[in-house]
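Participant: Residue numbers (this note's numbering): 59 to 335. We put the CB at the ideal spot given by N, CA and C, even for glycine. So that we are looking at the same thing, I have put the structure below in structure tokens.
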Ligand SMILES: [Zn+2]
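This is the structure:
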């Protein structure tokens, strides 16, 4: 065989091998991109959101522990979100987001919030404490009448720890009972204080944990503008926003957030619609 023909054969073989490697690499990148996208959706359901902190001032020692978690997970969640900002995208499709409020009902702030949400035609999700629900049953009934989702946030804002599993379980059950008596409905959703959860409760109690993807951090500042700007900046399609109806500034901020995000074309729905529709 002439030397030039030998070189040509070798070149063809080399190109063939290189082409195969490129195809392999492309397939690998595509698979991993799909996995990353799937993970983003799972992360909203569970595990990647930063935890709420001191909130209503219950258990500062517990909150300190939670803050360590917040720090670490918050960084991950923030990093994840930066790549997601293009979600405020195009077209006329409905871009749904969910506003959630923890720790209530509060005797006056929650009613103010409900008034504002009603004026704006917004349905939100309220993760209430059993003890607060017992104190203000009329507010729970109003939430239900006005189409908001009501979820469990334990009875006394208990954080699940290794040593209080049975007690925590009792709090979940007791709060479900309180809410069932008030609404006549089974309570399916739980937002666990500080994000501490045990998956075994899901099957046993038929409850689904809901965390969040945008943390307003409304509990740690009275600066309404700061809270509004943070939420508006960080929110994209499919996000679940964490706020608390336990502060007057949170109510003001929440209604401004609604006005700004509605003006940007977002539609507010309950977490159930975000997660399962
Ligand atoms: Zn809370």
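Roughly how many angstroms lie between the CA atoms of residue 212 and residue 321, to the nearest whole one?
Facilitator: Here residue 212 corresponds to residue number 154 of the chain shown, with the count starting at 1. Here residue 321 corresponds to residue number 263 of the chain shown, with the count starting at 1. C-alpha separation (whole angstroms): 35 angstroms.
Participant: So does the region 310-321 actually touch the region 148-164, counting three or more Cβ pairs closer than 8 angstroms?
Facilitator: Counting Cβ pairs under 8 angstroms, three or more are found: they touch.
Participant: Could you give the first and the last residue of the continuous beta strand (DSSP E) run that contains residue 258?
Facilitator: Residue 258 sits at position 200 when you count from the first residue of the chain shown. First-last for residue 258: 258-263, but that is the alpha helix (DSSP H), not the beta strand (DSSP E).
Participant: Decide if residue 293 is buried, meaning its Cβ has at least 16 other Cβ atoms within 10 Å, or exposed.
Facilitator: Walking along the chain shown from the start, residue 293 turns up at place 235. With 16 or more Cβ atoms within 10 Å of its Cβ, residue 293 is classed as buried.
Participant: Could you tell me the distance, in whole angstroms, from the CA atom of residue 283 to the CA atom of residue 311?
Facilitator: Working through the chain shown from its first residue, we reach residue 283 at position 225. Working through the chain shown from its first residue, we reach residue 311 at position 253. Approximately 7 angstroms between the Cα atoms of the pair.
Participant: Nearer than 7 angstroms: is that true of the beta carbon of residue 161 relative to any heavy atom of ligand 1?
Facilitator: For the purposes of this step, residue 161 is taken as the residue at position 103 of the chain shown. Yes, the Cβ of residue 161 comes within 7 angstroms of a heavy atom of ligand 1.
Participant: Among the residues of its own chain, which have a CB less than 8 angstroms from the CB of residue 167, if the five just before and after it don't count?
Facilitator: In the chain shown, residue 167 corresponds to position 109, counting from 1. Answer for residue 167: 303, 304, 305, 306, 308, 309, listed in chain order.
Participant: Alpha carbon to alpha carbon, how far is residue 332 from residue 224? Give it in angstroms, no decimals.
Facilitator: As a position in the chain shown, residue 224 is number 166, starting the count at 1. As a position in the chain shown, residue 332 is number 274, starting the count at 1. About 31 angstroms.
Participant: Do residue 329 and residue 289 come within 8 angstroms of each other at the CB atom, strictly closer than that value?
Facilitator: As a working note, residue 289 is residue 231 in the chain shown. As a working note, residue 329 is residue 271 in the chain shown. No.
Participant: With a cut-off of 8 angstroms, do at least 3 Cβ pairs link the region 257-271 to the region 167-182?
Facilitator: Segments in contact, no.
Participant: I need the DSSP call for residue 335, collapsed to helix, strand or coil.
Facilitator: As a first step, residue 335 is located in the chain shown; it is residue number 277 there, counting from the start. DSSP places residue 335 in coil when its eight states are reduced to three.
Participant: Whose C-alpha, out of 221, 228, 185, 279, is nearest the C-alpha of residue 251?
Facilitator: Here residue 251 is taken as the residue at index 193 of the chain shown, counted from 1. With distances taken between Cα atoms, residue 251 lies closest to 185.
Participant: Please report the residue range of the alpha helix (DSSP H) in which residue 201 lies.
Facilitator: Working through the chain shown from its first residue, we reach residue 201 at position 143. Residues 195-203.
Participant: Provide the residue span of the beta strand (DSSP E) that contains residue 325, from first to last.
Facilitator: By 1-based counting over the chain shown, the position of residue 325 is 267. Note, residue 325: beta strand (DSSP E), 324-327.
Participant: With DSSP as the reference, label residue 153 as helix, strand or coil.
Facilitator: Along the chain shown, one-based indexing puts residue 153 at 95. Residue 153 falls in the strand class under three-state DSSP.
Participant: What does DSSP give as the partner residue(s) for residue 299 in the beta ladder?
Facilitator: If you number the chain shown from 1, residue 299 lands on position 241. Answer is 157, 272.
Participant: Count Cβ pairs between the region 233-240 and the region 251-260 that sit closer than 8 angstroms; are there 3 or more?
Facilitator: In short, these stretches do not touch, since the Cβ pair count stays below three.
Participant: Figure out for me which residue from 205, 271, 191, 198 has the closest Cα to the Cα of residue 232.
Facilitator: By 1-based counting over the chain shown, the position of residue 232 is 174. Cα-wise, what sits closest to residue 232 is 191.
Participant: Just list the residues that DSSP pairs residue 207 with in beta bridges.
Facilitator: For the purposes of this step, residue 207 is taken as the residue at position 149 of the chain shown. 183.
Participant: Flag residue 165 as yes when its Cβ comes closer than 7 angstroms to any non-hydrogen atom of ligand 1, and as no otherwise.
Facilitator: Translated into positions along the chain shown, residue 165 becomes position 107. No, ligand 1 has no heavy atom inside 7 angstroms of this Cβ.
Participant: Strictly by DSSP, which residues pair up with residue 248?
Facilitator: Numbered from 1 along the chain shown, position 190 holds the residue referred to as residue 248. Its beta-bridge partners are 210, 267.
Participant: Nearest CA to the CA of residue 188: which residue from 206, 163, 196, 205?
Facilitator: Translated into positions along the chain shown, residue 188 becomes position 130. The option with the nearest alpha carbon to residue 188 is 163.
Participant: Quick check on residue 193: buried or exposed, where buried means 16 or more other Cβ atoms within 10 Å of its Cβ?
Facilitator: As a first step, residue 193 is located in the chain shown; it is residue number 135 there, counting from the start. Exposed.
Participant: Leaving out the 5 sequence neighbours to the left and right, which residues in its chain are closer than 7 angstroms to residue 169 when beta-carbon positions are compared?
Facilitator: The residue labelled residue 169 in the question sits at position 111 within the chain shown. Only 197 meet the Cβ criterion.
Participant: Note down the Cα distance separating residue 217 from residue 326, rounded to an integer number of angstroms.
Facilitator: Within the chain shown, residue 217 is the residue found at index 159, counting from 1. Within the chain shown, residue 326 is the residue found at index 268, counting from 1. Cα to Cα, the separation comes out at about 29 angstroms.
Participant: CB of residue 211 to nearest heavy atom of ligand 1: below 7 angstroms?
Facilitator: To locate residue 211, count along the chain shown from 1; it is residue 153. Residue 211 Cβ: within cutoff of ligand 1.
Participant: Leaving aside the five residues before and after residue 234 along the sequence, list all residues of the same chain whose C-beta is less than 7 angstroms from its C-beta, in chain order.
Facilitator: The residue labelled residue 234 in the question sits at position 176 within the chain shown. Here the set comprises 210, 245.
Participant: Under the three-state reduction of DSSP, which class applies to residue 280: helix, strand or coil?
Facilitator: Position 222 of the chain shown holds residue 280. Here residue 280 sits in coil by DSSP.
Participant: When you compare each of 229, 181, 276, 207 to residue 247 by their alpha carbons, which one comes out closest?
Facilitator: Locating residue 247 in the chain shown gives position 189, where the first residue counts as 1. The residue with the shortest Cα to Cα distance from residue 247 is 207.
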